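Below is one structure, written out as structure tokens; comments come after it.
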Amino acid sequence: MIDEIVPVELKEEHPLRDKLLPILLAVVVFALDQITKLLVVLNISPYTIGVSFFGDFLRIIHVYNPGIAFSMGTGLSEGIRAILFSLIPLAVIIVVLVVYFRSDDFTPFQRWTIMGIIGGGLGNLFDRFFRSEGVVDFIDVKFYGLFGLERWPTFNIADAAVLICGIALIISFIVLTIRERKATKDTQ
Numbered sequence: 001m002i003d004e005i006v007p008v009e010l011k012e013e014h015p016l017r018d019k020l021l022p023i024l025l026a027v028v029v030f031a032l033d034q035i036t037k038l039l040v041v042l043n044i045s046p047y048t049i050g051v052s053f054f055g056d057f058l059r060i061i062h063v064y065n066p067g068i069a070f071s072m073g074t075g076l077s078e079g080i081r082a083i084l085f086s087l088i089p090l091a092v093i094i095v096v097l098v099v100y101f102r103s104d105d106f107t108p109f110q111r112w113t114i115m116g117i118i119g120g121g122l123g124n125l126f127d128r129f130f131r132s133e134g135v136v137d138f139i140d141v142k143f144y145g146l147f148g149l150e151r152w153p154t155f156n157i158a159d160a161a162v163l164i165c166g167i168a169l170i171i172s173f174i175v176l177t178i179r180e181r182k183a184t185k186d187t188q
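According to full-length UniProt numbering, the residues represented by the sequence shown are 1 to 188, in order.
Right, here's the structure in full:
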């Protein structure tokens, strides 16, 4: 006979929910990116400064980037740019989404960071498909000569999401690898 009843906590697993919930971040990033770009397009003339904060440390400006990060590739022909900067990124996003939904190996944190990257990627991809001038960039930050840059290349919400979530994802993979190696070493 059992003298004492011990409550057992059951952990419910919801693999589909765990994969779908982070999509909210992708939607929020995409929406914020497109709303802020629309506000810039409607309120600031192209290639002008709309407003400055903290002197000229932070400026909201209106520029178009027909290339990719840091305006790389702007000298390429329109056809090559369409393939390199629209079709290939679209294919990469599709592959990442397929891996994302088929794999159960990602941690919850990694799933959220992946969706942050997807949201940012889709935000800039939307511009490439629907804005003939290129991707709208508007955040301009003074960099005080660091890395030889007086100002950081102008960027947008999508760029920030891709960079921040990309760095966080890489760090999470490094941390997990270190933990796994340590666990393997401890069991030997």
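Every residue, glycine too, gets a C-beta built ideally from N, C-alpha and C. Computed from a predicted model, the values in this text were never measured in an experiment.
(message) Output needed for Gly166: all residues of its chain with C-beta closer than 8 Å, excluding positions within five of it in sequence on either side, in chain order.
(response) Within the sequence shown, the letter at position 166 stands for residue 166. Around Gly166: Thr113, Ile117.
(message) Which complete alpha helix (DSSP H) runs does the stretch 78–106 hold, if anything under 4 residues is left out?
(response) 78–82, 88–102
(request) Please look up how many angstroms separate the CB atoms of Val40 and Val136, rounded, as I've assumed it's under 8 Å. (result) What you label residue 40 is simply residue 40 of the sequence shown in a count that begins at 1. What you label residue 136 is simply residue 136 of the sequence shown in a count that begins at 1. So it is a contact: roughly 6 Å between Cβ atoms.
(request) Report yes if the CB atom of residue 192 is closer than 7 Å to the CB atom of Phe138, and no otherwise. (result) Absent from the model: residue 192. The displayed extent of the chain is 1 to 188, so no value can be given.
(request) Using beta-carbon positions only, say whether Ala168 and Val29 come within less than 7 Å of one another. (result) One-based indexing of the sequence shown puts residue 168 at position 168. One-based indexing of the sequence shown puts residue 29 at position 29. No, they are not a contact pair.
(message) Quick check on the DSSP output: the beta strand (DSSP E) that includes Ile139 runs from which residue to which?
(response) Locating residue 139 in the sequence shown gives position 139, counting from the first residue. 135–141 is the extent of the beta strand (DSSP E) around Ile139.
(request) Grab the span of the alpha helix (DSSP H) containing Gly121 for me, first residue to last. (result) Taking the first residue of the sequence shown as position 1, residue 121 is located at position 121. 108–130 is the span of the alpha helix (DSSP H), which, as asked, contains Gly121.
(request) Taking Phe173 as the reference, give the member of Gly134, Gly148, Asn156, Thr107 with the closest Cα. (result) Position 173 of the sequence shown holds residue 173. Comparing Cα-Cα distances from Phe173 to each of Gly134, Gly148, Asn156, Thr107, the minimum goes to Thr107.
(request) State buried or exposed for Ala91, treating a residue as buried only when at least 16 other CB atoms are found within 10 Å of its CB. (result) Translated into the one-based positions of the sequence shown, residue 91 becomes position 91. Result: exposed.
(message) What residue range does the alpha helix (DSSP H) around Leu42 cover?
(response) What you label residue 42 is simply residue 42 of the sequence shown in a count that begins at 1. Segment 23–43, the alpha helix (DSSP H) holding Leu42.
(message) Restricting to Cα atoms, I'd like to know which of Gln188, Arg181, Phe147, Tyr64 is closest to Pro46.
(response) Numbered from its first residue, the sequence shown carries residue 46 at position 46. Of the listed residues, the one whose Cα sits closest to Pro46 is Tyr64.
(message) Please determine whether the Cβ atom of Val135 lies at a distance below 6 Å from any heavy atom of the ligand NAP.
(response) Absent from the structure shown: the ligand NAP. Ligands present: none.
(request) Specify, as a first and last residue, the run of the alpha helix (DSSP H) that Leu58 falls within. (result) Along the sequence shown, read from residue 1 onward, the residue named residue 58 stands at position 58. First-last for Leu58: 58–65, but that is the beta strand (DSSP E), not the alpha helix (DSSP H).
(message) Would the stretch 74–85 count as touching the stretch 150–160 if we require 3 or more Cβ pairs under 8 Å?
(response) no
(message) Looking only at its chain, what residues have a beta carbon closer than 6 Å to the beta carbon of Ile68, apart from the 5 residues adjacent to it on each side?
(response) As a working note, residue 68 is residue 68 in the sequence shown. The residues are Phe85.
(message) Helix, strand or coil for Lys173? Go by DSSP, reduced to three states.
(response) Within the sequence shown, residue 173 is the residue found at index 173, counting from 1. Reading off the sequence shown, one finds Phe at residue 173, where the question assumed Lys. Note: Phe173 maps to helix in three-state DSSP.
(request) Write down the C-beta distance between Ala26 and Leu122 rounded to the nearest angstrom, noting that I regard them as a contact closer than 8 Å. (result) Here residue 26 refers to the residue found at position 26 of the sequence shown. Here residue 122 refers to the residue found at position 122 of the sequence shown. Yes, they are in contact, since the Cβ atoms of Ala26 and Leu122 sit about 7 Å apart, within 8 Å.
(request) Tell me whether Arg17 is buried or exposed, calling it buried when 16 or more other Cβ atoms sit within 10 Å of its Cβ. (result) On the sequence shown, position 17 is the one that residue 17 refers to. Label assigned to Arg17: exposed.
(request) Quick one: residues in its chain with C-beta nearer than 8 Å to the C-beta of Thr48, no 5 flanking neighbours on either side, listed in chain order? (result) Numbered from 1 along the sequence shown, position 48 holds the residue referred to as residue 48. Ile61, His62.
(message) In this structure, how does DSSP classify Gly166 when only helix, strand and coil are distinguished?
(response) Here residue 166 refers to the residue found at position 166 of the sequence shown. If DSSP states are grouped into helix, strand and coil, Gly166 belongs with the helices.
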